[in-house]
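In the working numbering, the protein residues as written are -9 to 441. Worksheet: one structure, shown below.
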RNA sequence: GGUCCCAUCGUCUAGUGGCCUAGGACACAGCCCUUUCAAGGCUGCGGCGCGGGUUCGAAUCCCGCUGGGACCGCCA
């Protein structure tokens, strides 16, 4: 009989305690790319294991933390679809969920370390005395074994002179007292981890499992910052990105399902996700790929949902959306097909379907000579009088008419496209005509003297 | 400077000793479709940083180098 052996890292979800992870942003700015990425992986791991996703606000930096930033971070996460099970707004059994409200807890454990002679006072501050000759190590799920000699560490400030805890002390106390058993965070925290391990050991607390995530860099391979353009997830919303697309793209930064799938929903990502498949190498944030994934997700949307999401962008363009019913708008977007990589582009590319005014503004028809007009008039008259208002039939008619007259199809389609849409690109022009209907088509063509 | 981490096409990645003359995706180029564009289909371009080992055999293991990054705050 084989002996049943289970590695500690494989025990979870089996007979182990419930997975508890957390995302712990500090409210000193909006939810940025790196933060969202970290939050996403934590969320994925929690949902994957039917665990608990805790949101904790690390606001010990009183100077820079604001309530407004806290709110935008929560809003940003909601927008991305990263719901939390415990947090400052909804509470939970392990609260409070703001570090500023947990001061007595930090002091309790600082006192304990003081009493045991492991820490000392320096003024009002409490400082941990780092012992010499220790090898501090931990097994990272992503990076493997990481070790550091305690001799290379300076003493660790636990409580600052103003009475608030430092980051390294607060995370340890919070993660332990909140029952966090998986610490999933950015790779920039790897060097902090040995200090934290030392603190866990000194407090006699079991270590959580650590999983560090690769950094996300800008095009210049430097840590993502304002220089690289949009850094807050809200800016992406305003530019017309779908939360599910951003979600999809973030998931692909530092992880892949293992097969060739790249477009997936949140539910599929949960099924596929595994911390063991997280990569180590820092990833460059690539807007082009995001655009592509966004386009795919826009195309996946059902037409009515697409209308709902594009509407704000139409309004932004000054279009009178209310004039049309939902059915008309849904059909308009169906006609547009997969064109446009962002909701903003979709709105732009479809503007002529909502309003002829924008066409008039950008196209004056002056490029047409009288003789060109004469030929087109002949064609248009026959076209608008056809009995069967059908794109296929009209295209067929146009083809035969063109060959009969010895004109190229292009030479009749392009002027019509300009007159009807005011653009050089659009869906098939006869589909556009079929969509507009006889009256609208006649009126637009007449405006440019083509009827 | 010290410590730690990383290293496959331009970018995101697959790859855990033989299935790799290294696969996919984005981008790029060409072709097909075609009234334009997008989508779609096909083709192409393009990579294991370098040098040593180990091995019958290395992108995969070991060492060194080089390059990049992170941390070293009473910031988080």
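Idealized CB from N, CA, C, for every residue including glycine.
Can you tell me the Cα-Cα spacing of residue 194 and residue 67, whole angstroms? As a position in the first chain, residue 194 is number 204, starting the count at 1. As a position in the first chain, residue 67 is number 77, starting the count at 1. Taking the CA atoms as reference points, residue 194 sits about 34 Å from residue 67.
Range covered by the beta strand (DSSP E) that runs through residue 61: Translated into the one-based positions of the first chain, residue 61 becomes position 71. Element bounds for residue 61: not the beta strand (DSSP E) but the alpha helix (DSSP H), 57 to 70.
At the level of alpha carbons, what is the spacing between residue 123 and residue 146? Here residue 123 refers to the residue found at position 133 of the first chain. Here residue 146 refers to the residue found at position 156 of the first chain. When rounded, the distance between both Cα atoms is 16 Å.
Euclidean distance between Cα positions of residue 207 and residue 221: In the first chain, counting from the first residue as 1, residue 207 sits at position 217. In the first chain, counting from the first residue as 1, residue 221 sits at position 231. Their backbone Cα atoms lie some 11 Å apart in a straight line.
Which of the three DSSP states is assigned to residue 346 in this structure? Residue 346 sits at position 356 when you count from the first residue of the first chain. Residue 346 falls in the coil class under three-state DSSP.
Reduced DSSP category for residue 42 - H, G, I as helix; E, B as strand; rest coil: Taking the first chain and counting its residues from 1, the one referred to as residue 42 is at position 52. Strand, per DSSP.
Taking the straight line between their C-alpha atoms, what separation do you get for residue 191 and residue 95? If you number the first chain from 1, residue 191 lands on position 201. If you number the first chain from 1, residue 95 lands on position 105. Cα to Cα, the separation comes out at about 18 Å.
Excluding the five sequence neighbours on either side, which residues of its own chain have a C-beta within less than 8 Å of the C-beta of residue 144, listed in chain order? Residue 144 sits at position 154 when you count from the first residue of the first chain. 120.
Any idea what DSSP makes of residue 125, helix, strand or coil? Position 135 of the first chain, counting from 1, holds the residue named residue 125. Reduced to three states, the DSSP call for residue 125 is strand.
Can we say the region 236 to 249 touches the region 289 to 298, given the rule of at least three CB pairs closer than 8 Å? Contact between the region 236 to 249 and the region 289 to 298 is not established, with fewer than three Cβ pairs separated by less than 8 Å.
What does the Cβ neighbour count give for residue 80, buried or exposed, with the cut at 16 atoms within 10 Å? As a working note, residue 80 is residue 90 in the first chain. Looking at its Cβ environment, which holds fewer than 16 other Cβ atoms inside 10 Å, residue 80 is exposed.
Taking residue 231 as the reference, which of 106, 286, 256 and 198 has the closest Cα? Here residue 231 corresponds to residue number 241 of the first chain, with the count starting at 1. With respect to the C-alpha of residue 231, the residue from 106, 286, 256 and 198 having the closest C-alpha is 286.
In this structure, how does DSSP classify residue 458 when only helix, strand and coil are distinguished? This structure leaves residue 458 out entirely; the chain is present only between -9 and 441.
By a C-beta neighbour count over all protein chains shown, 10 Å radius and 16 as the cutoff for buried, is residue 334 buried or exposed? One-based indexing of the first chain puts residue 334 at position 344. By the C-beta density criterion, residue 334 is buried, having at least 16 other C-beta atoms within 10 angstroms.
Report all residues from its chain with a CB closer than 8 Å to the CB of residue 417; omit the five preceding and five following residues, and keep chain order. On the first chain, position 427 is the one that residue 417 refers to. Excluding sequence positions up to five before and after residue 417, its CB lies within less than 8 Å of the CB of 325, 326, 327 and 329, all in the same chain and listed in chain order.
Three-way DSSP call (helix, strand, coil) for residue 118 in this model: Walking along the first chain from the start, residue 118 turns up at place 128. Note: residue 118 maps to strand in three-state DSSP.
Can you tell me the Cβ-Cβ gap for residue 62 and residue 175, rounded? I've got them flagged as a contact below 8 Å. Taking the first chain and counting its residues from 1, the one referred to as residue 62 is at position 72. Taking the first chain and counting its residues from 1, the one referred to as residue 175 is at position 185. Taking the Cβ atoms as the reference, residue 62 lies roughly 21 Å from residue 175, outside the contact range of under 8 Å.
Any idea if residue 256 is buried or exposed, counting beta-carbon neighbours within 10 angstroms, 16 or more meaning buried? Numbered from 1 along the first chain, position 266 holds the residue referred to as residue 256. Counting Cβ neighbours within 10 Å, residue 256 comes out buried, since at least 16 surround it.
Residues in the same chain with beta-carbon distance under 6 Å from residue 452, minus the five sequence neighbours each way, listed in chain order, please. Absent from the model: residue 452. The displayed extent of the chain is -9 to 441, so no value can be given.
Between the CA atoms of residue 427 and residue 82 - distance to the nearest angstrom: Locating residue 82 in the first chain gives position 92, where the first residue counts as 1. Locating residue 427 in the first chain gives position 437, where the first residue counts as 1. Rounded to the nearest angstrom, the gap between the Cα atoms of residue 82 and residue 427 is 58 Å.
Buried or exposed for residue 113, going by 16 or more other Cβ atoms inside 10 Å? As a first step, residue 113 must be located in the first chain, where it is residue number 123. Counting other Cβ atoms within 10 Å of its Cβ, residue 113 stays below 16 and is therefore classed as exposed.
Where residue 275 sits in the DSSP three-state scheme: On the first chain, position 285 is the one that residue 275 refers to. Residue state, collapsed to three classes: coil.
For residue 201, the nearest candidate out of 135, 361 and 275 (CA to CA): Start at 1 with the first residue of the first chain, and residue 201 comes out as number 211. Relative to residue 201, the option among 135, 361 and 275 whose CA is nearest is 135.
DSSP three-state label for residue 80, please. Residue 80 sits at position 90 when you count from the first residue of the first chain. If DSSP states are grouped into helix, strand and coil, residue 80 belongs with coil.
Span of the beta strand (DSSP E) holding residue 231? Numbered from 1 along the first chain, position 241 holds the residue referred to as residue 231. Counting along the chain, residue 231 falls outside any beta strand (DSSP E), and DSSP gives it neither H nor E.
According to DSSP, is residue 260 part of a helix, a strand, or is it coil? Sequence index remark: in the first chain, residue 260 carries index 270 (1-based). Looking at residue 260 - three-state DSSP - the assignment turns out to be helix.
Among 381, 24, 15 and 383, whose alpha-carbon lies nearest the alpha-carbon of residue 239? As a first step, residue 239 is located in the first chain; it is residue number 249 there, counting from the start. The residue with the shortest Cα to Cα distance from residue 239 is 24.
Just confirm the distance between the C-beta atoms of residue 74 and residue 44, as a whole number of angstroms; I'd bet it's less than 8 Å. Reading the first chain from its first residue, position 84 is the one you call residue 74. Reading the first chain from its first residue, position 54 is the one you call residue 44. That belief holds up - the Cβ atoms of residue 74 and residue 44 are roughly 7 Å apart, short of 8 Å.
Would DSSP call residue 188 helix, strand or coil? For the purposes of this step, residue 188 is identified with residue 198 of the first chain, where counting begins at 1. Correct three-state label for residue 188: helix.
Buried or exposed (CB count within 10 angstroms, at least 16 for buried), residue 37: Locating residue 37 in the first chain gives position 47, where the first residue counts as 1. Buried.
First and last residue of the alpha helix (DSSP H) that includes residue 97? By 1-based counting over the first chain, the position of residue 97 is 107. Segment 93 to 105, the alpha helix (DSSP H) holding residue 97.
Please list, in chain order, all residues of the same chain as residue 366 whose beta carbon is under 8 Å from its beta carbon, the five residues on each side excluded. Along the first chain, read from residue 1 onward, the residue named residue 366 stands at position 376. Excluding positions up to five away in sequence, the list reads 358, 402, 405, 406 and 440.
So if DSSP puts residue 110 in a beta bridge, which residue, or which two residues, is it bridged to? Translated into positions along the first chain, residue 110 becomes position 120. Residue pairing by DSSP places residue 110 opposite 117 in a beta bridge.
Quick one: give me the first and last residue of the beta strand (DSSP E) that residue 174 is part of. Walking along the first chain from the start, residue 174 turns up at place 184. 172 to 176 is the extent of the beta strand (DSSP E) around residue 174.
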